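Sequence lines, in order, name chains A and B. Add 323 to a position in the first sequence, counting from 1, and you land on the number used in the numbering used here. Add 323 to a position in the second sequence, counting from 1, and you land on the number used in the numbering used here. Think of the CB as a built atom: it goes at the ideal place given N, C-alpha and C, for glycine as much as any other residue. Source: prediction; values computed, not measured. The block underneath contains the structure these notes are about, expressed in structure tokens.
2 protein chains.
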Amino acid sequence: MMAPAATALGLHLRVLVENATSSAAQVVVDAPVGAASDEAAITRLVDGADALTFEHEHVPNALLDRLEGAGVAVHPDAAALVHAQDKIVMRTRLTALGIPVPAWAVLPSAAELTTFLADHEGVAVVKTSRGGYDGKGVRVVRGADDVADWFAAAAAGTGTPLLAEEKVPFTRELAVLVARRPSGEMRTWPVVESVQRDGVCAEVVAPAPDLHEATRAEAVEVATRIADGLGVTGVLAVELFEVADAAGGAPRVLVNELAMRPHNSGHWTIDGAVTSQFEQHLRAVLDLPLGETSARSRWTVMANVLGSTLADPTEALADVARLDPAAKVHLYGKEVRAGRKLGHVNVSGDDLDDVRGRAVAAAALLQGDASA
Amino acid sequence: MMAPAATALGLHLRVLVENATSSAAQVVVDAPVGAASDEAAITRLVDGADALTFEHEHVPNALLDRLEGAGVAVHPDAAALVHAQDKIVMRTRLTALGIPVPAWAVLPSAAELTTFLADHEGVAVVKTSRGGYDGKGVRVVRGADDVADWFAAAAAGTGTPLLAEEKVPFTRELAVLVARRPSGEMRTWPVVESVQRDGVCAEVVAPAPDLHEATRAEAVEVATRIADGLGVTGVLAVELFEVADAAGGAPRVLVNELAMRPHNSGHWTIDGAVTSQFEQHLRAVLDLPLGETSARSRWTVMANVLGSTLADPTEALADVARLDPAAKVHLYGKEVRAGRKLGHVNVSGDDLDDVRGRAVAAAALLQGDASA
């Protein structure tokens, strides 16, 4: 999804792809094949490039350190990226910065989990510090036995360290997208609500409906403090829990997760904002002045296409077009697998219920639900 | 510019490029090299394709006829496309359909031009019937000597037949973009004003300011009658002269030129309309239901980047971004040549003077005019 923005700006995009049939290789001409952990492949990738950036965080940090040492402009740099790679590093740093986060603890052994459970009404969210995404590497537990396998793997050195977090009694999930460029300029998009199903983002509503102004301001302040405090360059997505204020004031926010790249919570910006997160990411990593981030419509709702009973979601294009001439369909050219993010639909307009219903209905058709 | 729309819809785009470094080859993975007149290249191009379409009209009509005979879905088909290839065929057909056109005459020899000049106050616009674009193949003449070379070429069989048209005393130029799909559905975008300089489009203002409702309705009616009457499939651009009404009523329109493809007068739709002309063209040639064509802002102005004193217009990206965080830059990856269309800038907003000034200023920077 970075490719159209690069093309429009006259920038040459070279992307490392896992194999010649992967999504990006279908739409980027200069697409060498290699693993993100392959030092030789990365070295060839950056030859002649003005900047190296990422669409996921699974890149060896030591390799990035060496590239930076060799003068490659890595954005975000290894020192920032580690906070999106390792949840213990992230929680430690955010706590030190005074950012509101859920109560948490490192779990060197099951004993620390037992203590944490005792302090938190017998329930906790245990996470692997590395490698999790879309609900993977996350378990709600009520006893150490629930994650005995993870403790064993960590002890054997085949798993990653673990941490526990309180199970936050949130009212909903919010997300703030912020872009920051090396010279320090930052811009945030409107705060959104993200609706999760089975640990996976199903819908994003922009802006978040009925958001208290103080909560909105706190969310933006938290995101910009993180971007600045961690020295992030490029787009940073800050996923937040909205929680009721015990004193009866405006709802508060707690930081759930960070992603240092264009993120699912910002796909609405492709059609719904003056500058998309993909164009902004390119501007940021090249240290170009950032683009205007205001919304182009009162409401934009993004609905993910999660799996499909069709052999190919394009089979439903005519039905979607007939149903909704204004739905903006974005398919990723990925092979269909159960629950896989195959694309998304953006719908914009003045009436939230209408906009949301239409986005969900269009995504349902692409998922093969003919009753939509 | 068709590529991002194809990608979003999950469509595979294969494009025939003149050489491996051409604009389209930089951004389309499946881009075989060959001439548009090369039958073998075109035959390979259409292998397995659902539809064949065009980004220019210079494709041999007989070849398209043969492809249609072989069952290839050619859109627009040869019978329609000839009206965008041959101005005498176009003028003859529009006249037969009762479409308002300037007074015109075929010029088998200089004698007919002399007669035409005598009937039109001594001035005429002479055009070659084929091969003209952006002011080429068009001359304002006051005597047969002014086009003696063209008559000689036509007589020798090295040029194309000629026609004369009255020099229309127009108040401004308008354009209507209409999409039509094989099943007959049509949609038009708001009527725009196009501002020409030296025979080349410099700016497009969407919608055309202060357009009389009756003139707007006539423009739309003319465009849809042409699309329907000629059986156009895909996007049709109808360039119009707006002329004062002799009886003092609403201004009238006369058809100037036709283009059967996404057109410069519709580049504003990329950022300014719910469905861009590129997405719509793909939907139309695949006979998918057409997309909503309403404007996303009160005003959108497109300014062309015509040549540049910079080695590469991307050198001005930082200046443009600093000047105007909301300007949408579209560069084409073409080598700089004097006057060449290297890209365009779209700016949207509520205040026309502001929007227009900003689009022109951003384009000027990309042209290397640092005083902008």
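Bridge partners - residue i, DSSP secondary structure assignment
i, result
"residue 564 of chain B", "B/496, B/577"
"residue 628 of chain A", "A/666"
"residue 528 of chain A", "A/516, A/624"
"residue 509 of chain A", "A/503"
"residue 462 of chain B", "B/449"
"residue 488 of chain B", "B/427, B/448"
"residue 654 of chain A", "A/666"
"residue 671 of chain B", "B/623"
"residue 559 of chain B", "B/501"
"residue 331 of chain B", "Its beta-bridge partners do not exist; DSSP assigns none."
"residue 523 of chain B", "B/520"
"residue 596 of chain B", "B/618"
Min CB distance residue i to chain B below 9 Å
i, result
"residue 640 of chain A", "yes"
"residue 615 of chain A", "yes"
"residue 653 of chain A", "yes"
"residue 334 of chain A", "yes"
"residue 349 of chain A", "yes"
"residue 680 of chain A", "no"
"residue 484 of chain A", "no"
"residue 327 of chain A", "yes"
"residue 266 of chain A", "In the structure displayed, chain A extends from 324 to 695; residue 266 of chain A sits before or after that span and is not available."
"residue 666 of chain A", "yes"
"residue 505 of chain A", "no"
"residue 606 of chain A", "yes"
"residue 611 of chain A", "yes"
Short CB-CB distance (under 9 Å) between residue i and chain A
i, result
"residue 620 of chain B", "yes"
"residue 660 of chain B", "no"
"residue 352 of chain B", "yes"
"residue 481 of chain B", "no"
"residue 598 of chain B", "yes"
"residue 656 of chain B", "yes"
"residue 511 of chain B", "no"
"residue 330 of chain B", "yes"
"residue 471 of chain B", "no"
"residue 649 of chain B", "yes"
"residue 645 of chain B", "yes"
Residue i versus residue j: straight-line alpha-carbon distance, rounded
i, j, result
"residue 589 of chain B", "residue 599 of chain B", "8 Å"
"residue 445 of chain B", "residue 490 of chain B", "10 Å"
"residue 514 of chain B", "residue 572 of chain A", "51 Å"
"residue 552 of chain B", "residue 561 of chain B", "13 Å"
"residue 530 of chain B", "residue 622 of chain B", "7 Å"
"residue 377 of chain B", "residue 505 of chain B", "16 Å"
"residue 678 of chain B", "residue 486 of chain A", "52 Å"
"residue 576 of chain A", "residue 643 of chain A", "37 Å"
"residue 640 of chain B", "residue 656 of chain B", "14 Å"
"residue 594 of chain B", "residue 668 of chain B", "10 Å"
"residue 628 of chain A", "residue 434 of chain A", "41 Å"
"residue 592 of chain B", "residue 527 of chain B", "11 Å"
"residue 411 of chain B", "residue 331 of chain A", "37 Å"
"residue 488 of chain B", "residue 344 of chain B", "39 Å"
"residue 368 of chain B", "residue 619 of chain B", "36 Å"
"residue 498 of chain A", "residue 532 of chain A", "13 Å"
"residue 475 of chain B", "residue 483 of chain B", "10 Å"
"residue 426 of chain B", "residue 495 of chain B", "18 Å"
"residue 451 of chain A", "residue 383 of chain A", "17 Å"
"residue 406 of chain B", "residue 413 of chain B", "4 Å"
"residue 397 of chain B", "residue 555 of chain A", "50 Å"
"residue 693 of chain A", "residue 610 of chain A", "46 Å"
"residue 659 of chain A", "residue 328 of chain A", "26 Å"
CB contact below 9 Å: residue i versus chain D
i, result
"residue 688 of chain A", "In the structure shown, chain D does not exist; the protein chains are A and B."
Cβ-heavy atom distance, residue i to the ligand FAD, below 8 Å
i, result
"residue 648 of chain A", "Inclusion of the ligand FAD in the displayed structure is not the case, the ligand content being empty and no account of it being possible."
Complete alpha helix (DSSP H) runs within the stretch 423-459 of chain B (minimum length 4 residues, chain order): List check, alpha helix (DSSP H) in window: 433-442.
Interface positions of the stretch 625-640 of chain B facing chain A (Cβ-Cβ less than 9 Å), listed along the chain: Those residues of the stretch 625-640 of chain B that come within reach of chain A (Cβ to Cβ, closer than 9 Å) are 635, 636, 637, 640.
Any beta strand (DSSP E) of 3 or more consecutive residues that is wholly inside the stretch 336-390 of chain B: Counting whole runs of 3 or more residues, the stretch 336-390 of chain B contains no beta strand (DSSP E) stretch at all.
4 or more residues per run - each alpha helix (DSSP H) lying fully within the stretch 390-423 of chain A: Counting only runs of 4 or more, we get 401-408, 410-419.
Chain A contacts made by the stretch 365-398 of chain B, where a contact means CB separation under 9 Å: If the cut-off is 9 Å between Cβ atoms, the stretch 365-398 of chain B has nothing near chain A.
Contact residues within the stretch 431-444 of chain A, judged by C-beta distance below 8 Å to chain B: Result list empty, no residue passes.
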